[in-house]
């Protein structure tokens, strides 16, 4: 949804007041909302907050109200409306059109939550301006929500996520487990976990701007893998001070499953490409230009033309066949996705880096 804001110069944010209550419940269905009090049963005539289908019902209602403007001059999520204009001179007219539609459907606004004619606005937990998307400083404590802004989030957070494991798994990673029959005991943070926490804090406080995706520009996907996590960066070229630069549109990272940590290095690097392309498939499928995929594993350059593949590799090749891309080798030290994967203070059992018989054919990995 936020990709629609690419090229916008002006923003207006609107917030509907008592939004759900503006939807009348269908006749003869009011009894379904009945609740019991000491004075008897009462039922709603208008849709209340809290019903299972209320969000979907209101979303359909607001989509109908603003249907002719959706993704053209405004985006909507429930009672949150963001009007945007690529030409500043058109913005006032766009706002008038949306307000007229809201009036027609008897939808009111909470003026204290509205912002008009700005170049930067907070919307759905993000801070948005004419260049791209930032994390909202007021919500920075919600780490998982903002992981798209953090390069190699899963890699950095792995020692902390491992603390959520129980019993045998905790003992395997060196975390002391206390037994109690009353409430779960607090587990002590290991040195590795504390360092991961500090690294996450630093990453969040120094997170960069994510630029808006532009379907007319070429894409570059840079991936990397470690013993227990994979990651990638989706980049496009943008002009700054008269020069073109490859800048981040999105980050992706994923903690490997236990079985995946035992893959060979080549397969882990390939898995990083497969997962990154799948995660960004809404960008990558049908791309107007071939996607440049950069990896620090040289043998992957010939993967799609290798005649002898394992069953797992064949499955991945089938997934990758959906995209138009070229793989290029790039040294690890030049790969931005590689940077935070090189911490030496967190180790898992050594993964196999030897090749199976099926992998030792020429130009395979």
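Residue numbers (our numbering): 19 to 383. Backbone N, C-alpha and C define an ideal beta-carbon position, used for all residues, glycine too.
When the Cα atoms are used, what is the spatial distance from residue 79 to residue 306? As a position in the chain shown, residue 79 is number 61, starting the count at 1. As a position in the chain shown, residue 306 is number 288, starting the count at 1. Those two C-alpha atoms are separated by around 34 Å.
Minimum C-alpha distance to residue 36 - residue among 67, 234, 88: By 1-based counting over the chain shown, the position of residue 36 is 18. When only C-alpha atoms are compared, the closest one is 67.
Does the contact criterion of 3 or more C-beta pairs under 8 Å hold for the region 98 to 110 versus the region 136 to 143? yes
Is residue 65 helix, strand or coil when you go by DSSP? In the chain shown, counting from the first residue as 1, residue 65 sits at position 47. In this structure, residue 65 counts as coil in the three-state DSSP scheme.
Closest Cβ-Cβ distance between residue 292 and chain D: below 8 Å? Annotation note: the requested chain D is absent from the structure, which comprises a single protein chain.
Rounded separation between residue 230 and residue 152 - CA only: The count along the chain shown starts at 1 and reaches residue 230 at position 212. The count along the chain shown starts at 1 and reaches residue 152 at position 134. Taking the straight line from one Cα to the other gives about 11 Å.
Residue 340 - containing alpha helix (DSSP H), residue span: Locating residue 340 in the chain shown gives position 322, where the first residue counts as 1. Run containing residue 340: none; DSSP gives neither H nor E here.
Proximity winner among 248, 323, 232, 242, relative to residue 264 (alpha-carbon distances): Reading the chain shown from its first residue, position 246 is the one you call residue 264. Nearest of 248, 323, 232, 242 to residue 264, Cα basis: 232.
Run through the region 262 to 339 for me and flag every whole beta strand (DSSP E) of 3 or more residues, listed as ranges in chain order. 309 to 313
Inter-stretch contact at 8 Å, needing at least 3 Cβ pairs: the region 285 to 296 / the region 313 to 323: yes
Taking 8 Å as the threshold, find out whether the region 81 to 88 comes into contact with the region 104 to 121 through three or more Cβ pairs. yes
Please determine, among 19, 245, 127, the residue with the shortest C-alpha to C-alpha distance to residue 93. Translated into the one-based positions of the chain shown, residue 93 becomes position 75. Closest option to residue 93, Cα to Cα, is 19.
Which of the three DSSP states is assigned to residue 38 in this structure? Locating residue 38 in the chain shown gives position 20, where the first residue counts as 1. Note: residue 38 maps to helix in three-state DSSP.
As assigned by DSSP and simplified to three states, the class of residue 181: For the purposes of this step, residue 181 is taken as the residue at position 163 of the chain shown. Residue 181: helix per DSSP, three-state reduction.
Taking a contact to mean a Cβ-Cβ separation below 8 Å, would you say residue 27 touches residue 89 in this structure? For the purposes of this step, residue 27 is taken as residue 9 along the chain shown, with counting starting at 1. For the purposes of this step, residue 89 is taken as residue 71 along the chain shown, with counting starting at 1. It is not a contact, given that the beta carbons lie outside the stated cut-off.
Is it the case that the Cβ atoms of residue 239 and residue 146 are separated by a distance below 8 Å? As a working note, residue 239 is residue 221 in the chain shown. As a working note, residue 146 is residue 128 in the chain shown. No, these two residues do not count as a Cβ contact at 8 Å.
For residue 248, which of helix, strand or coil comes out of DSSP? The count along the chain shown starts at 1 and reaches residue 248 at position 230. Residue 248 falls in the strand class under three-state DSSP.
Between 45, 76, 295, 259, which has its C-alpha nearest residue 63's C-alpha? Mapped onto the chain shown, residue 63 falls at position 45. Cα-wise, what sits closest to residue 63 is 45.
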